[in-house]
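Visitor: The numbering used here puts the first residue of the sequence shown at 157, with every later residue one more than the last.
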Amino acid sequence: MTKVGLAGAADTPAGGKLHKDIPHWIANDLGKTLAVLLSDTYLQPAQRAALYQFMARTPGFTVARHVTDAVGRPGVGIQWTYQGIDNVIIFSRQDYAYLGVRTVAPGQPAYSSALVKFGIVAKLPPYATASPTPKSVLKGMHGASPSPQG
């Protein structure tokens, strides 16, 4: 059995929880975190397959068998709903490659993205300079979780 637990800075030993009254917040935080990981990190096919299987077996997620990314590529997705908003991470059926995300909020146009190419470079091109300090990958407002949209 898979068990997932997350804690935030507002969680206290006395039992106060950051999101205690919001259903499915663990799936939402986990889904958004994994969407950023998949879009920003090179993972080998076995690692991507393991993440897909992990999410497919975790409560709060369901498999979306027929989805397309923003450029129309068909795939299979891992879907979750949080506060009425449907989110799906889209994977290739062949090798679990990350294709993109789709987010649908009631009364709003669907947000969709696609990762078209992922490359690893041995050295920076001549016009690029390395950052002297590491920069955070996850960005968000204080008290809010980072989102695949931003």
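Every residue gets a Cβ at the ideal spot worked out from N, C-alpha and C, and that includes glycine.
#1: Contact check, PHE247 vs TYR283 under 8 angstroms by CB: the rounded distance?
#2: Are three or more beta carbon pairs between the region 188-196 and the region 220-233 nearer than 8 angstroms?
#3: Going residue by residue through the region 221-283, where are the continuous beta strand (DSSP E) segments of at least 3 residues, counting only ones entirely within it?
#4: Tell me which residue opens and which closes the alpha helix (DSSP H) that TYR208 is part of.
#5: Does the region 216-226 touch the region 254-268, meaning 3 or more C-beta pairs lie closer than 8 angstroms?
#6: Please list the terminal residues of the continuous alpha helix (DSSP H) segment that includes THR189.
#7: Quick one: what's got a C-beta closer than 7 angstroms to ARG221's C-beta in the same chain, skipping five residues either side?
#8: What's the call for THR259, buried or exposed, on a 16-neighbour Cβ count within 10 Å?
#9: Return the chain-ordered list of same chain residues with a C-beta closer than 8 angstroms to the C-beta of GLN200, the five sequence neighbours on each side being excluded.
#10: What is the rounded straight-line gap between the Cα of GLN235 and the Cα of LYS273?
#11: Check each candidate in ARG204, ASN243, GLN203 and TYR252 and name the one with the smallest Cα separation from HIS180.
Guide: Taking the structure as given:
#1: Here residue 247 refers to the residue found at position 91 when the sequence shown is read from its first residue. Here residue 283 refers to the residue found at position 127 when the sequence shown is read from its first residue. Contact doesn't hold; Cβ gap of about 34 angstroms is too wide.
#2: no
#3: 230-238, 241-247, 254-260 and 267-270
#4: The count along the sequence shown starts at 1 and reaches residue 208 at position 52. That run of the alpha helix (DSSP H) goes 201-213.
#5: yes
#6: Along the sequence shown, read from residue 1 onward, the residue named residue 189 stands at position 33. 181-196 is the extent of the alpha helix (DSSP H) around THR189.
#7: In the sequence shown, the residue the question calls residue 221 occupies position 65. The residues are VAL232.
#8: Position 103 of the sequence shown, counting from 1, holds the residue named residue 259. Buried.
#9: Sequence index remark: in the sequence shown, residue 200 carries index 44 (1-based). Cβ within range, chain order: n/a, list empty.
#10: One-based indexing of the sequence shown puts residue 235 at position 79. One-based indexing of the sequence shown puts residue 273 at position 117. So the alpha carbons of these two residues sit roughly 23 angstroms apart.
#11: Looking up residue 180 in the sequence shown gives position 24. Looking at the Cα atoms, ASN243 is the closest of the given residues.
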